[in-house]
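Residue numbers (our numbering): 15 to 299. One structure below.
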């Protein structure tokens, strides 16, 4: 990414604003903070903002209204929503409205840093993808360019592994393009006609991650007013990308192992297994 990343934090709690300002400035980011959604939009119009972090519950202009406004005013800006009321329904609605991610309070330094780093990585990859599409208007190519011997070896391995049904683990530092590589695997595989579903395993608490991955039945927990399919079911016939899989708990890993071995999941509150057929590509650093 060219230049210093610019982060805008919006929250009506001044303590959180100052805490996040210090955290991100230590990471080398340029940071602006405000307790007003309206002022956030003005700041967004005046400066090139890479990532916005916004609280959902704010007076006057709430976080969801701000999210929709940011998507309209600056579509390239990634938006991360924060809330002390971390329900699955809130997380799902944020994603539907175009948020990059959802963080539950109380905030943890490692999570807020990683989340913004991934948002910046995604923004950079989206820009690279636009450049590649412009260079290849016929849609040909695999989306990765590189001439070094190591890159050639890596792409040869990808070309060999992609058509198989094998589970793939990508290992690399943040910013090296693991999601782009996962999408390349998907495009070259027999699952390319199906959906590509990406999940950030480190961004949600364990209980929310389990529901996000495996879904839940009506009445499984307070607020579960209807059955909801998880990401594995939505990825049926395609590929599911599990980013930062090393950050998952032992309990989640046990359930993931069942998917890999048996090809089935069980929704939270469910009594019967559900068959799923999705290629699994995972990543860690």
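By construction, the Cβ of each residue, glycine as well, lies at the ideal position given by its N, Cα and C atoms.
Got a sec? Which residues, its chain only, sit under 6 Å from residue i by beta carbon, not counting five neighbours each side?
| i | result |
| --- | --- |
| residue 183 | 296 |
| residue 211 | 245, 248, 249 and 254 |
| residue 98 | 119 |
| residue 234 | 282 and 283 |
| residue 280 | 287 |
| residue 38 | 21 and 45 |
| residue 176 | 199, 202 and 203 |
| residue 108 | 95 and 116 |
| residue 75 | 51 and 52 |
| residue 262 | 215 |
| residue 243 | 229 |
| residue 196 | 255 and 295 |
| residue 88 | 58 |
Are there 16 or more other CB atoms within 10 angstroms of the CB of residue i, so buried, or fewer, so exposed?
| i | result |
| --- | --- |
| residue 271 | exposed |
| residue 232 | exposed |
| residue 207 | exposed |
| residue 203 | buried |
| residue 237 | exposed |
| residue 151 | Residue confidence for residue 151 is low, a pLDDT of 41 falling below 50, so the modelled location carries little weight; the figure read from the coordinates is stated next. Classification for residue 151: exposed. |
| residue 167 | exposed |
| residue 217 | buried |
| residue 276 | exposed |
| residue 165 | exposed |
| residue 126 | buried |
| residue 36 | exposed |
| residue 173 | exposed |
| residue 105 | buried |
Kindly list the residues whose CB is nearer than 7 Å to the CB of residue i, restricted to its own chain and excluding five residues on each side of it in sequence; keep chain order.
| i | result |
| --- | --- |
| residue 83 | 55 |
| residue 69 | 24, 25, 26, 77, 96 and 97 |
| residue 128 | 216 |
| residue 147 | Reliability of the predicted coordinates at residue 147 is poor, the pLDDT of 49 falling under 50, and the value obtained from them is presented with this limitation in mind. Counting only Cβ-Cβ distances below 7 Å, and skipping sequence neighbours, we find nothing. |
Using DSSP's beta-bridge definition, name the partner residues of residue i.
| i | result |
| --- | --- |
| residue 265 | Looking at the DSSP assignment, residue 265 forms no beta bridge with any residue, so it has no partner. |
| residue 118 | 97 |
| residue 299 | None; residue 299 has no bridge partner. |
| residue 137 | Note: residue 137 sits in no beta bridge, so no partner. |
| residue 12 | With the chain running from 15 to 299 in the structure shown, residue 12 is simply not present. |
| residue 282 | 230 |
| residue 258 | Residue 258 is not bridged to any residue. |
| residue 22 | 46 and 66 |
| residue 92 | 65 |
| residue 288 | 279 |
Going along the chain, which residues of its own chain have a beta-carbon closer than 8 Å to the beta-carbon of residue i, five neighbours each way excluded?
| i | result |
| --- | --- |
| residue 154 | Since pLDDT at residue 154 reaches only 45, below the 50 mark, its modelled position is unreliable, and the value read off the structure follows with that caveat. For residue 154, where only same-chain residues beyond five positions count, there are no Cβ hits under 8 Å. |
| residue 121 | 30, 33, 34 and 96 |
| residue 48 | 22, 23, 24, 31, 54 and 57 |
| residue 28 | 49 |
| residue 112 | 81, 82, 85 and 93 |
| residue 73 | 26 |
| residue 278 | 272, 287, 288, 289 and 290 |
Do residue j and residue i have their beta-carbon atoms positioned less than 8 Å apart in this structure?
| i | j | result |
| --- | --- | --- |
| residue 230 | residue 282 | yes |
| residue 18 | residue 42 | yes |
| residue 65 | residue 94 | yes |
| residue 292 | residue 260 | no |
| residue 22 | residue 58 | yes |
| residue 215 | residue 223 | yes |
| residue 114 | residue 136 | yes |
| residue 274 | residue 213 | no |
| residue 225 | residue 102 | yes |
| residue 139 | residue 191 | yes |
| residue 258 | residue 298 | yes |
| residue 294 | residue 171 | no |
| residue 110 | residue 188 | no |
| residue 12 | residue 269 | Only positions 15 to 299 of the chain appear in this structure, which leaves residue 12 out of reach. |
| residue 220 | residue 266 | yes |
Should residue i be listed as close to the ligand NAD, given that the test is whether its C-beta is under 7 Å from any heavy atom?
| i | result |
| --- | --- |
| residue 205 | Ligands in the displayed structure: none, and consequently the ligand NAD is not present. |
Counting only C-beta atoms, is residue i closer than 8 Å to chain B at any point?
| i | result |
| --- | --- |
| residue 282 | Absent from the structure is chain B; it holds one protein chain and no more. |
I'd like the ranges of any alpha helix (DSSP H) spanning at least 4 consecutive residues and lying wholly in the stretch 26 to 83.
28 to 40 and 51 to 60
Unbroken stretches of the alpha helix (DSSP H), 4 residues or longer, contained in the stretch 180 to 251
If one requires a minimum length of 4 residues, the alpha helix (DSSP H) runs lying completely within the stretch 180 to 251 are 192 to 202, 220 to 228 and 245 to 248, in chain order.
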